[in-house]
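Each remark here refers to the structure printed beneath this line.
Numbering (our numbering), first residue to last: 1 to 542.
In structure tokens, the structure reads:
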């Protein structure tokens with residue numbers, strides 16, 4: 001077993017130039033503008049839109065914060081804290097770590113509000129240096145708001161929010177009746193429902209105090225073609241879906257632990273019947289259908305099942321207590337903004353499992369029973385020629401507890417690539433960044449950047465890269481890939497890890513015939529971590 005230590009490198013000092021030999025003359029460099037400004041797909045309504053950008057191309061650290069302009073007039077600045085789940089939790093966390101060398105976290109988005117319907121706006125974003133120098137405009141974005149939508153309230157179709165009446169038929173009728181671009185409104189109250197099926201170009205709006213709660217009766221969900229139960233909200237080949245508001249979507253999977261902010265868990269000492277609500281009922285029903293217990297347990301309902309979707313935007317809502325995972329999504333352009341996901345300590349309670357292109361998680365809070373953000377790309381020879389899972393951006397998000405904060409793999413068959421995790425806090429996760437693949441899975445992960453993040457109280461290695469992983473619950477009935485899964489171009493930068501001496505700060509684990517390709521640790525501070533572990537892993541720069 002090889003071991004190594006990581007020594008912090010000094011960050012470059014920006015904004016000062018040495019002129020001549022006589023001495024140092026202070027000179028503020030011109031700060032570069034953002035390299036990209038864009039409107040987040042499906043975020044646009046008649047009143048709002050979410051704007052996203054990338055930092056300056058050559059050196060993103062030049063920008064201390066950003067100013068946002070609409071039609072040439074400044075409307076906001078990111079030097080003030082937004083009212084989001086992620087920002088509030090990060091601000092509270094930082095209070096307890098004042099004076100301990102935390103990196104300055106930077107924003108990547110801004111939400112425009114109070115816009116006019118049917119109106120086109122020109123948006124620009126400018127960088128501001130720590131000296132107050134403002135950049136020129138970046139490439140501008142244009143946003144056109146929608147018309148004022150027609151709203152259909154589920155109560156008008158007979159829904160009753162008393163936590164007893166089954167409302168599947170009424171809510172589905174409201175969904176079917178809403179016109180293109182319209183809104184299905186869920187008012188205050190607890191509305192029980194079975195599986196709902198949404199359509200193109202619609203919004204589900206949950207008012208304050210509204211709870212959409214999954215039925216515990218498996219007959220209200222039904223087994224799907226994939227031999228698992230449908231979700232509470234199901235989207236199949238759907239485009240332009242928005243789930244917004246300040247209400248809650250409740251998967252009703254498990255009982256709540258008394259006096260604790262967590263759910264019960266099926267263990268060797270706590271039976272499934274003792275711990276589960278919908279989860280127990282679904283497993284019992286699947287066994288009656290002839291499933292083995294193992295397959296019945298995997299057949300549980302994920303609360304939001306989004307298959308082959310395009311342009312999904314989730315904003316403001318609380319998602320909690322799934323029987324299996326909270327969100328399972330495949331497709332393009334899925335965004336979680338200001339979303340609160342709470343699945344701790346449910347069995348297999350991932351926050352979001354994603355396969356596809358263009359996932360943005362921003363200003364959110366994830367407290368999960370398993371992995372918070374899990375990325376997959378198939379496995380074996382069958383996945384080799386499929387499109388990679390790519391363009392993953394996770395910013396300004398608070399990860400609390402859970403197993404992996406960012407879990408990349410283990411299904412890496414068509415590659416998982418172009419991942420940027422930045423300006424976030426991982427507080428109490430087992431591992432903050434976990435890359436995992438195996439000898440027969442194929443593909444791997446490449447172009448992964450973990451930048452300006454804070455990791456505290458991990459219950460395992462803060463960073464883990466392993467090509468020797470084997471999923472105990474995996475499906476091994478597939479044709480192996482022609483080459484083992486590999487990792488290339490992984491950069492961990494400008495971050496601070498407050499560890500636990502019981503666990504290594506870093507584990508890098510591969511085989512002698514499968515070395516990593518260019519793994520870099522730069523300007524990373526490790527405090528109170530155990531000895532780092534390397535097994536056969538070459539091509540590492542410290």
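For glycine and all other residues, C-beta sits at the position ideal for the given N, C-alpha and C.
Taking residue 174 as part of the alpha helix (DSSP H), name the residues at either end of that continuous run. As a position in the chain shown, residue 174 is number 174, starting the count at 1. Where residue 174 is concerned, the enclosing alpha helix (DSSP H) stretches over 168-177.
Local conformation of residue 224 per DSSP, three classes: Working through the chain shown from its first residue, we reach residue 224 at position 224. If DSSP states are grouped into helix, strand and coil, residue 224 belongs with coil.
Proximity below 9 Å, CB of residue 540 to CB of residue 520: Here residue 540 corresponds to residue number 540 of the chain shown, with the count starting at 1. Here residue 520 corresponds to residue number 520 of the chain shown, with the count starting at 1. Against a cut-off of 9 Å, the Cβ pair of residue 520 and residue 540 comes out as a contact.
Closest Cα partner of residue 383 within the set 423, 125, 444, 422: Position 383 of the chain shown, counted from the start, is the residue given in the question as residue 383. The shortest C-alpha separation from residue 383 is found at 444.
Restricting to Cα atoms, I'd like to know which of 49, 204, 389 is closest to residue 110. Sequence index remark: in the chain shown, residue 110 carries index 110 (1-based). If we check each option's Cα against that of residue 110, 49 comes out closest.
Kindly indicate which residue of 123, 388, 226, 494 has the alpha-carbon position closest to the one of residue 452. What you label residue 452 is simply residue 452 of the chain shown in a count that begins at 1. Minimum Cα distance to residue 452 is reached at 494.
Would you kindly check if the distance between the Cβ of residue 394 and the Cβ of residue 424 is under 9 Å? Residue 424 sits at position 424 when you count from the first residue of the chain shown. Residue 394 sits at position 394 when you count from the first residue of the chain shown. Their beta carbons are under 9 Å apart, which means residue 424 touches residue 394 by this criterion.
If you compare alpha carbons, which of 333, 381, 179, 316 is closest to residue 237? Sequence index remark: in the chain shown, residue 237 carries index 237 (1-based). Checking every option, the nearest Cα to that of residue 237 belongs to 333.
Cβ of residue 413 less than 9 Å from any chain D Cβ? The question asks about chain D, but that chain is absent: this structure has only one protein chain.
Quick check on the DSSP output: what are the complete beta strand (DSSP E) runs of length 3 or more inside the segment 289-342, in order along the chain? 304-315, 318-320, 327-337, 340-342
So what does residue 504 bridge to, in DSSP terms? As a working mapping, residue 504 is identified with position 504 in the chain shown. Answer is 530, bridged to residue 504.
Could you spell out where the alpha helix (DSSP H) holding residue 189 opens and where it closes? Stepping through the chain shown from its first residue, residue 189 is reached at position 189. Premise fails: residue 189 lies in the beta strand (DSSP E), 189-193, not in any alpha helix (DSSP H).
Take the Cβ of residue 177 as the centre, count every other Cβ of all protein chains shown within 10 Å, and call the residue buried at 16 or more, exposed below. Taking the chain shown and counting its residues from 1, the one referred to as residue 177 is at position 177. By the 10 Å Cβ count, residue 177 comes out exposed.
Counterpart residues of residue 60 in DSSP-defined beta bridges: Translated into positions along the chain shown, residue 60 becomes position 60. Paired residue(s): none; residue 60 is not in a bridge.
Would you list the residues sitting across from residue 249 in a DSSP beta bridge? As a first step, residue 249 is located in the chain shown; it is residue number 249 there, counting from the start. Looking at the DSSP assignment, residue 249 forms a beta bridge with 212, 319.
Close-in-space but distant-in-sequence residues of the same chain around residue 318 (CB under 6 Å, 5 per side omitted): To locate residue 318, count along the chain shown from 1; it is residue 318. Around residue 318: 248, 340.
If we ignore side chains and look at the alpha-carbon of each, how far apart do residue 497 and residue 455 end up? The residue labelled residue 497 in the question sits at position 497 within the chain shown. The residue labelled residue 455 in the question sits at position 455 within the chain shown. Cα to Cα, the separation comes out at about 5 Å.
When the Cα atoms are used, what is the spatial distance from residue 433 to residue 232? As a first step, residue 433 is located in the chain shown; it is residue number 433 there, counting from the start. As a first step, residue 232 is located in the chain shown; it is residue number 232 there, counting from the start. Spanning the two alpha carbons is a distance of roughly 30 Å.
Quick one: using the 10 Å Cβ neighbour count with 16 as the cut-off for buried, is residue 271 buried or exposed? To locate residue 271, count along the chain shown from 1; it is residue 271. Burial call: exposed.
Count the other CB atoms, across all protein chains shown, that sit within 10 Å of the CB of residue 23; report buried if there are 16 or more and exposed otherwise. The residue given as residue 23 occupies position 23 in the chain shown. The predicted model places residue 23 with a pLDDT of 38, which falls under 50 and marks its position as unreliable, so this point remains unresolved.
Could you give the first and the last residue of the continuous beta strand (DSSP E) run that contains residue 274? Translated into positions along the chain shown, residue 274 becomes position 274. Element bounds for residue 274: not the beta strand (DSSP E) but the alpha helix (DSSP H), 272-275.
Does the separation of the CB atoms of residue 125 and residue 138 fall below 9 Å? If you number the chain shown from 1, residue 125 lands on position 125. If you number the chain shown from 1, residue 138 lands on position 138. Against a cut-off of 9 Å, the Cβ pair of residue 138 and residue 125 comes out as a contact.
Among residues of its own chain, excluding the 5 on either side of residue 228, which ones have a beta-carbon nearer than 8 Å to its beta-carbon? Residue mapping note: residue 228 aligns to position 228 of the chain shown, counting from 1. Closer than 8 Å at Cβ, skipping near neighbours: 298, 299, 300, 301, 302, 324.
Among 194, 172, 44, 174, the one whose alpha carbon lies nearest that of residue 120: Reading the chain shown from its first residue, position 120 is the one you call residue 120. Comparing Cα positions, the closest option is 44.
Relative to the C-alpha of residue 511, which candidate in 489, 484, 212 has its C-alpha closest? Numbered from its first residue, the chain shown carries residue 511 at position 511. Minimum Cα distance to residue 511 is reached at 484.
So if DSSP puts residue 66 in a beta bridge, which residue, or which two residues, is it bridged to? For the purposes of this step, residue 66 is identified with residue 66 of the chain shown, where counting begins at 1. DSSP output for residue 66 lists 127 as bridge partner(s).
Going straight from the alpha carbon of residue 79 to that of residue 87, what length do you get? Along the chain shown, read from residue 1 onward, the residue named residue 79 stands at position 79. Along the chain shown, read from residue 1 onward, the residue named residue 87 stands at position 87. When rounded, the distance between both Cα atoms is 12 Å.
Between 284, 99, 186, which lies nearest to residue 218 when the distance is taken from Cα to Cα? Taking the first residue of the chain shown as 1, we reach residue 218 at position 218. The shortest Cα separation from residue 218 among 284, 99, 186 belongs to 284.
Residue of 409, 224, 479, 287 minimising C-alpha distance to residue 470: Within the chain shown, the letter at position 470 stands for residue 470. The shortest C-alpha separation from residue 470 is found at 409.
First through last residue of the beta strand (DSSP E) which encompasses residue 92: Sequence index remark: in the chain shown, residue 92 carries index 92 (1-based). Here residue 92 belongs to no beta strand (DSSP E); instead the alpha helix (DSSP H) covers 85-95.
Below 9 Å between beta carbons: does that hold for residue 208 and residue 246? In the chain shown, residue 208 corresponds to position 208, counting from 1. In the chain shown, residue 246 corresponds to position 246, counting from 1. In this structure, residue 246 lies closer than 9 Å to residue 208 by Cβ.
Looking only at its chain, what residues have a beta carbon closer than 6 Å to the beta carbon of residue 158, apart from the 5 residues adjacent to it on each side? The sequence position of residue 158 within the chain shown is 158, counting from 1. For residue 158, where only same-chain residues beyond five positions count, the Cβ hits under 6 Å are 170.
Please report the straight-line C-alpha distance between residue 526 and residue 505, rounded to a whole angstrom. Position 526 of the chain shown, counted from the start, is the residue given in the question as residue 526. Position 505 of the chain shown, counted from the start, is the residue given in the question as residue 505. Their Cα atoms are separated by approximately 7 Å.
Is it right to say residue 294 is buried, meaning 16 or more other beta carbons lie within 10 angstroms of its own, or is it exposed? Your numbering for residue 294 matches position 294 in the chain shown. So residue 294 ends up on the exposed side.
Would you call residue 437 buried or exposed, if buried means 16 or more other Cβ atoms sit within 10 Å of its Cβ? To locate residue 437, count along the chain shown from 1; it is residue 437. Buried is the call here.
Buried or exposed for residue 352, please, with buried defined as at least 16 other CB atoms from any protein chain shown within 10 angstroms of its CB. Taking the chain shown and counting its residues from 1, one reaches residue 352 at position 352. Burial call: buried.
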